[in-house]
Amino acid sequence: RNDDAPVVIIGTGLAGYSLVREFRKLDKTTPVIMITADDGHSYSKPMLSTGFTKGKEADELAQADADTMARQLDITIRTFTTVTGLDTANHRVRLGDESLQYSKLVLAWGADVIRLDLGGNARDAVYSINDLIDYRDFRRALAKKKRVVIMGAGLIGCEFANDLRLGGFDIDVVAPSDTTLPGLMPPEGGEAIRRALEAEGVRFHLETVVERVDRNSTGGVDVHLANGEVLETDLIISAVGLRPRTELARAAGLEVGRGIAVGRTLQTSADDVYALGDCAEVDGYVLLYVLPLMASARALAKTLAGEPTEVNYGAMPVMVKTPCCPTAVCPPPLGAEGHWECEVEGNDTRALFTGADGQLLGFALTGKFAPEKQALAKEMPKLHQ
Ligand code: FAD
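This note's numbering numbers the first residue of the sequence shown as 16 and each following residue consecutively.
Below is the structure:
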């Protein structure tokens, strides 16, 4: 261990940059090196599914490049550099043939998209969008095209459906669930979003999956569904889920569950190694959202600056960016006992999940009820107290 070595942060997504911003408020001098496999642009990832709604091209979504960030925060950023291994016994990070010493190491390397193993010869027409570079590639491919098939009817699939529809594209959504956002809200809420998207012209093909994608003779792509339907399209977006990146951590002997396991101090099972953001499982919770990573960044910055601090999560509602049906969800904790009660008026839904003792544990609000999210969030218990 070498206390004079820099703090090393792997990842320049919202988790890495939020942490270093918070850290620099408390400590202006400790050397910090950030390492990223991408170009290190600072951007707000949630904006990727609002490009057409907000009239922004991919490049307009970037807030600052890596050089600007390095100057602003007085840190070193190594872009297009991939971490290939961790040697926690010697406090070193491996970058291919090179290795780098750290005093404290932070893993903020995000989550990988799940890629389905589709048949057919048009797999290069399938895009997964999980960072600005992916988005730039997708927008380039979209030029002069009209039709998009989206696989997945979760938060990201529905947001892209609404956004691309607003951009004037022809949209089909294919998903195995019987409604939208199945993991986040009860069916009444999911149905409200589906109906609202359908009213905008989005077509849904539910309870089926894409099996193969083949180029056809007119330059389009035939998307073959398990139910026998064939949809003709130009491009396909795969939005079927994310998985925290855990392989390098597991290989280094760190404790790993669904994400890299950390307690509320965000320390992994190795000394001086921390994790936050989409790659982390914090006290059993894997929360792939912005609010939890911001709370984590504030707590971890204090710990790195010498004041050990635990993260506290309040209720953290997520706004689903479907302007055709404003939606706020705060899903109950995994495995929570209780039941949903739904009030439905057209596409306006108020669904409350309460425990046996009457305690509000989660909610899903669509349409005119969405603004109630703040008041309801105040009634929720904290995840950690
Ligand atoms: P990432 O942003 O993925 O950053 C990971 C970083 O690690 C990158 O810099 C990458 O290059 C680097 N990296 C990975 N592996 C290596 C390696 N081996 N070596 C070096 N560097 C590496 N959340 C909300 O709360 N509200 C929303 O409305 C919302 N909308 C979303 C819309 C979309 C389209 C998407 C995709 C997500 C959305 N989310 C939303 C989720 C939210 O954006 C993420 O939870 C958050 O951005 C994750 O940040 P992160 O820094 O943990 O990961």
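Here a beta-carbon is modelled for each residue, glycine too, at the ideal position from N, C-alpha and C.
Here G198 is exposed: its Cβ has fewer than 16 other Cβ atoms, across all protein chains shown, within 10 Å.
Under a 10 Å Cβ-count criterion, K43 is classified as exposed, with fewer than 16 other Cβ atoms of the shown protein chains found around its own Cβ. K383 carries a helical assignment under DSSP once its states are collapsed to helix, strand and coil. Scanning D152, V305, S64 and G31 for the CA closest to the CA of A254 turns up S64. Boundaries of the alpha helix (DSSP H) harbouring Y150: L147 to L157, taken from the DSSP string. Burial is judged here by how many other beta carbons sit within 10 angstroms of a residue's own beta carbon; T233 has fewer than 16 and is exposed.
Here DSSP, grouped into helix, strand and coil, assigns P202 to helix. At a threshold of 6 Å, N105 does not count as near the ligand FAD, since its beta carbon sits no closer than that to any of the ligand's heavy atoms.
Under the three-state reduction of DSSP, S64 is assigned to helix. Not one heavy atom of the ligand FAD falls within 6 Å of the beta-carbon of L281. With a cut-off of 6 Å, the C-beta of Y142 is classified as distant from the ligand FAD, since no heavy atom of the ligand falls inside that distance. For the stretch 194–241, the full-length alpha helix (DSSP H) segments reaching 4 residues or more read 202–214 along the chain.
In the pairwise beta carbon analysis, the stretch 187–194 is classified as not touching the stretch 95–110: fewer than three pairs are separated by under 8 Å. Residues E226, R227 and V245 of the same chain have their beta carbon placed closer than 6 Å to that of H239, with the five preceding and five following residues left out of the count. In the three-state reduction of the DSSP assignment, E394 falls in the helix class, which pools H, G and I. Excluding its 5 nearest sequence neighbours in each direction, T223 has C-beta neighbours in its own chain below 6 Å: L240, A241 and N242, listed in chain order. Under the DSSP assignment, A266 falls outside any beta strand (DSSP E), being part of the alpha helix (DSSP H) whose first and last residues are E262 to A266. Spanning the alpha carbons of G235 and D178 requires a straight line of approximately 22 Å. Secondary structure at G172: helix, using DSSP grouped into helix, strand and coil. Taking the CA atoms as reference points, R138 sits about 13 Å from N231. Per DSSP, the unbroken alpha helix (DSSP H) holding P307 starts and ends at V305 to L319. In the three-state reduction of the DSSP assignment, S253 falls in the strand class, which pools E and B. Under the three-state reduction of DSSP, S114 is assigned to strand.
Here the alpha carbons of V297 and N327 stand approximately 11 Å from one another.
Taking 6 Å as the cut-off, the C-beta of I208 does not count as close to any heavy atom of the ligand FAD. For I171, the shortest C-beta to heavy atom distance toward the ligand FAD is below 6 Å. Per DSSP, G100 is one residue of the beta strand (DSSP E) stretching across G100 to D102.
Beta-bridge pairing by DSSP links G134 to R227. Taking non-hydrogen atoms of the ligand FAD into account, the C-beta of D80 is found less than 6 Å away from none of them. By the neighbour-count definition (other C-beta atoms within 10 Å, threshold 16), N362 is a buried residue. The criterion of a C-beta distance shorter than 7 Å is not satisfied by I24 and T91. Within a 10 Å sphere around the beta-carbon of F95 sit fewer than 16 other beta-carbons, which makes this residue exposed.
When DSSP reads this structure, C357 sits in a beta bridge with A366. Straight through space, the alpha carbons of A30 and L308 are spaced by roughly 6 Å. Excluding the 5 residues flanking it on each side, R218 has same chain C-beta neighbours closer than 6 Å at D187, in chain order. Under the three-state reduction of DSSP output, E296 falls in the strand class.
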